[in-house]
């Protein structure tokens, strides 16, 4: 049986009675994995991560990290994890070393760790430069260095590549993979970019409007994609076409296009014939993009 | 990890910060003004400071500091120290370090008290150095010929420090509660001005913002006893507001 470093059960959260943010989220992050927590902006990713860190309270459901209940063992849990939530939390008037020194004292690490983590994130040469003079990429890397200072078993990173240039994104991704591979660190990383997660994650959770739509290994997501053969159509009257097809095929209207789930190519010809015989002009008929990006869009788009 | 380590990290954060420079410049301001006054208007000040020059000099210092500048310094210090977290989005990182909420709260409170005591120390040093310097430049002054009454000086410092505790407790609470830097300062300034306007009121000893000036008056008028009624009040206010601030932070739904 797979052991989970993070496990939530029936996690609900509402900022007010009118705005329910999370609905029954059952997150399961396997030990040793890179878990890509995916969802569009406002889906509930940051709220979930803040709940995992105890930055938000008044929750419903249970949260367990390292097999311990967060409510009862918060400090023991925090000692074993590192985090970066939203924008970097750095003291801008201090240098990189001074920022690290603050957290080194709080985590009780040896002084040599500062040079090690600075080296790890490529910031050894920043010297007496104040953090306010750093680029966003440097700030993100310093934040990751702070999170790594006490050699945590678990890293929780909220959109760590946000605002980075392509080079910075590649470097951060490489760093995450290296930590997982070499140190065995379990990493929960949120992102709204599937392409980004696809390149580094071993497991994926897709959240949308506070509901976990998919959770499993990256392979399971690929398998799901393979089953989702579909055809995209555009006609002179898509609403009428929907009426004609809906009794014969699984069809839906998505972003002003008809999307039909098909079992084979003959069904495509039959659908086309039906529409033409009903007096509709068919402008477009092609297999839908068969990639994860499309699957992600499908999962997180509301059928009209 | 203990409270000492947490407080040390809080003091590290104030390095080169606005709070640090406020303490240094705030403490240096009055001694500098006195040097200029004593040297430029020596004809007036030499006879005034002939008898008991140190006591006179320090009384002038506290007279200028106690009613407005000192309470304003405390108001600003509380805001600037807590703003280090707000401005740098530091709360969320701080709250995810493995230390109890009480320790985070107390470490920051101690850092603020440290800044206030640091300012007191610098102010005393500045006042002594200003007296010595003036005497060096103008030998007609008599600072060299008189000893400093250290015990008395410490008593004044202790009383004045106690007098700002009520303000410090309330302002710390406000500064934790409001993300906006202006709000606690505006509230503090309004209460300070109100207190100064009501100095003749029979219940003024209940107002924490009036305590520093009341303490100065008790020192100048040589009122017997170490701690006056209004100073007991300010200790009570400090304990009450600090406890309320802690409970407010502890039960906040959203931290950081």
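Chains as they are written, first to last, in my numbering: chain A, 8 to 311; chain B, 15 to 270. Note that the Cβ used here is the ideal one computed from N, Cα and C, for glycine as well.
Span separating the alpha-carbon of residue i from that of residue j
i, j, result
"residue 46 of chain B", "residue 77 of chain B", "15 Å"
"residue 23 of chain B", "residue 111 of chain B", "12 Å"
"residue 311 of chain A", "residue 262 of chain A", "Its pLDDT being 48, under 50, residue 311 of chain A is placed unreliably by the model, and the measurement read from it follows with that caveat. Computed Cα separation, rounded: 7 Å."
"residue 252 of chain A", "residue 288 of chain A", "14 Å"
"residue 206 of chain A", "residue 180 of chain A", "8 Å"
"residue 227 of chain A", "residue 209 of chain A", "10 Å"
"residue 179 of chain B", "residue 221 of chain B", "12 Å"
"residue 69 of chain A", "residue 277 of chain A", "51 Å"
"residue 169 of chain B", "residue 193 of chain A", "58 Å"
"residue 274 of chain A", "residue 256 of chain A", "9 Å"
"residue 233 of chain B", "residue 134 of chain A", "50 Å"
"residue 114 of chain A", "residue 12 of chain A", "21 Å"
"residue 176 of chain B", "residue 37 of chain A", "55 Å"
"residue 123 of chain A", "residue 170 of chain A", "25 Å"
"residue 263 of chain B", "residue 211 of chain B", "33 Å"
"residue 112 of chain A", "residue 269 of chain B", "22 Å"
"residue 185 of chain B", "residue 248 of chain B", "13 Å"
Contact set between residue i and chain B, taken where Cβ atoms lie within less than 7 Å
i, result
"residue 100 of chain A", "30, 31"
"residue 151 of chain A", "Those within 7 Å of residue 151 of chain A in chain B number zero; the least Cβ separation is about 12 Å."
"residue 251 of chain A", "Chain B residues near residue 251 of chain A: none, gap ~51 Å exceeds 7 Å."
Status (buried if at least 16 other CB within 10 Å, exposed otherwise) for residue i
i, result
"residue 118 of chain A", "exposed"
"residue 286 of chain A", "exposed"
"residue 139 of chain B", "exposed"
"residue 57 of chain A", "buried"
"residue 31 of chain B", "buried"
"residue 284 of chain A", "exposed"
"residue 27 of chain B", "buried"
"residue 38 of chain B", "exposed"
"residue 157 of chain A", "buried"
"residue 216 of chain B", "exposed"
"residue 71 of chain B", "buried"
"residue 18 of chain B", "exposed"
"residue 158 of chain B", "exposed"
"residue 107 of chain B", "buried"
"residue 10 of chain A", "exposed"
Beta-carbon gap between residue i and residue j smaller than 8 Å
i, j, result
"residue 95 of chain B", "residue 41 of chain B", "no"
"residue 42 of chain A", "residue 212 of chain A", "yes"
"residue 148 of chain A", "residue 177 of chain A", "no"
"residue 229 of chain B", "residue 173 of chain B", "yes"
"residue 225 of chain B", "residue 243 of chain B", "no"
"residue 88 of chain B", "residue 163 of chain B", "no"
"residue 104 of chain A", "residue 214 of chain A", "no"
"residue 30 of chain A", "residue 217 of chain A", "yes"
"residue 161 of chain A", "residue 87 of chain A", "yes"
"residue 249 of chain A", "residue 258 of chain A", "yes"
"residue 97 of chain A", "residue 146 of chain A", "yes"
"residue 154 of chain B", "residue 66 of chain B", "no"
"residue 227 of chain B", "residue 80 of chain B", "yes"
"residue 290 of chain A", "residue 241 of chain A", "yes"
Identity of the residues DSSP links to residue i by a beta bridge
i, result
"residue 37 of chain A", "A:11"
"residue 219 of chain A", "A:214"
"residue 89 of chain A", "A:162"
"residue 237 of chain A", "A:268"
"residue 79 of chain A", "The partner list for residue 79 of chain A (beta bridge, DSSP) is empty, contrary to what the question assumes."
"residue 137 of chain A", "A:102"
"residue 259 of chain A", "A:266"
"residue 197 of chain A", "A:44, A:165"
"residue 289 of chain A", "A:242"
"residue 69 of chain A", "A:16"
Contacts that residue i makes with chain A (C-beta to C-beta distance below 8 Å)
i, result
"residue 114 of chain B", "82"
"residue 97 of chain B", "None at all; the shortest Cβ gap to chain A is about 11 Å."
Partners in chain A for residue i, counting only beta-carbon separations shorter than 7 Å
i, result
"residue 128 of chain B", "The premise fails here: residue 128 of chain B is roughly 16 Å from chain A at the closest Cβ pair, so nothing lies under 7 Å."
"residue 102 of chain B", "96, 97, 98, 99"
Beta-carbon neighbours of residue i, restricted to chain B and to distances below 9 Å
i, result
"residue 108 of chain A", "23, 26"
"residue 243 of chain A", "Those within 9 Å of residue 243 of chain A in chain B number zero; the least Cβ separation is about 52 Å."
Contact list for residue i against chain A, beta-carbon separation under 9 Å
i, result
"residue 19 of chain B", "112, 113, 115"
Neighbour list for residue i in chain B, Cβ cutoff strictly below 8 Å
i, result
"residue 6 of chain A", "Not covered by the structure: residue 6 of chain A. The range shown for chain A is 8 to 311."
"residue 28 of chain A", "Ordered by position in chain B, no residue passes the 8 Å Cβ test against residue 28 of chain A, which lies about 12 Å from the chain."
"residue 85 of chain A", "110, 111, 112"
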